[in-house]
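The sequence shown lines up with residues 5 to 130 when you count with my numbering. The beta-carbon is built from N, C-alpha and C at its ideal position, and this holds for glycine as well. One structure below.
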Amino acid sequence: MFDVIELPPVPTSVATARKWSGEVIERVGAGQLADTIALLVSELVSNAVLHAQTVCWLRIASVPGRVRVEVEDQSNELPGDVSMPGPLATSGRGLALVDALSVEYGVVTVAPSGKRIWFELETNGF
């Protein structure tokens, strides 16, 4: 079962998402992942606020051996390829971080419009 928060398309939603995700992660007993999840949640919610400019939903679930995090927005624009930008670029690293730090991640379209970007982190071994 997912914990869910709805976030408006405003910059302060990023801080709200970080705080809320930390509380959820502690409650489900995966506090060792709090910093990584805060970083990745910040990236995905920032992308939703900046690019989708629609309300978004942050979902977190604890599944056996993993934590799953999803950010859904109402934009049909899918993210580009994961690649690291040049050394002077000031943006464009979000999905590369998700790719590097998660066990698995993906993007799915949702009806009637929008997308859901998700990632999973392992809780085993901590």
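Supposed contact pair VAL28 and VAL49 - C-beta distance, whole angstroms, cut 8 Å: Numbered from its first residue, the sequence shown carries residue 49 at position 45. Numbered from its first residue, the sequence shown carries residue 28 at position 24. At roughly 14 Å, the Cβ-Cβ gap does not stay under 8 Å, so VAL49 and VAL28 are not in contact.
Close-in-space but distant-in-sequence residues of the same chain around ASN80 (CB under 8 Å, 5 per side omitted): The residue labelled residue 80 in the question sits at position 76 within the sequence shown. Answer for ASN80: THR113, SER117, GLY118, LYS119, listed in chain order.
Nearest neighbour of ALA52, chosen from TRP122, GLU126, ASN128 [CA to CA]: Reading the sequence shown from its first residue, position 48 is the one you call residue 52. When only C-alpha atoms are compared, the closest one is TRP122.
Between the CA atoms of GLN36 and GLY110 - distance to the nearest angstrom: The residue labelled residue 110 in the question sits at position 106 within the sequence shown. The residue labelled residue 36 in the question sits at position 32 within the sequence shown. Cα atoms of GLY110 and GLN36: separation of roughly 23 Å, rounded to the nearest angstrom.
Cβ pair LEU62, SER106 closer than 8 Å: Walking along the sequence shown from the start, residue 62 turns up at place 58. Walking along the sequence shown from the start, residue 106 turns up at place 102. Cβ distance not < 8 Å, so LEU62 and SER106 don't count as in contact.
Cβ-based burial, GLU47 [other Cβ within 10 Å; buried from 16]: Indexing the sequence shown from 1 puts residue 47 at position 43. Per the 10 Å Cβ criterion, buried.
Given PRO68 as reference, the closest of THR20, ALA34, PRO15, VAL14 once Cα atoms are compared: Indexing the sequence shown from 1 puts residue 68 at position 64. When the alpha-carbon of PRO68 is set against those of THR20, ALA34, PRO15, VAL14, the nearest one is in ALA34.
Alpha helix (DSSP H) segment containing GLU47, residue limits: In the sequence shown, counting from the first residue as 1, residue 47 sits at position 43. Per DSSP, GLU47 belongs to the alpha helix (DSSP H) from 38-51.
Residues of its chain near HIS55, where Cβ-Cβ distance is below 7 Å and the 5 sequence neighbours each way are ignored: Position 51 of the sequence shown holds residue 55. Only SER79, GLU81 meet the Cβ criterion.
Cβ shell of ALA115 (< 6 Å), same chain only, five flanking positions each side left out: Position 111 of the sequence shown, counted from the first residue, corresponds to residue 115. Close CB contacts of ALA115 within its chain, under the 6 Å cut and outside five residues either way in sequence, are absent.
Endpoints, the alpha helix (DSSP H) within which ALA19 is located: Translated into positions along the sequence shown, residue 19 becomes position 15. 16-31 is the span of the alpha helix (DSSP H), which, as asked, contains ALA19.
Boundaries of the beta strand (DSSP E) in which ALA65 is found, first to last residue: Counting from 1 along the sequence shown, the entry for residue 65 is found at position 61. Residues 60-67.
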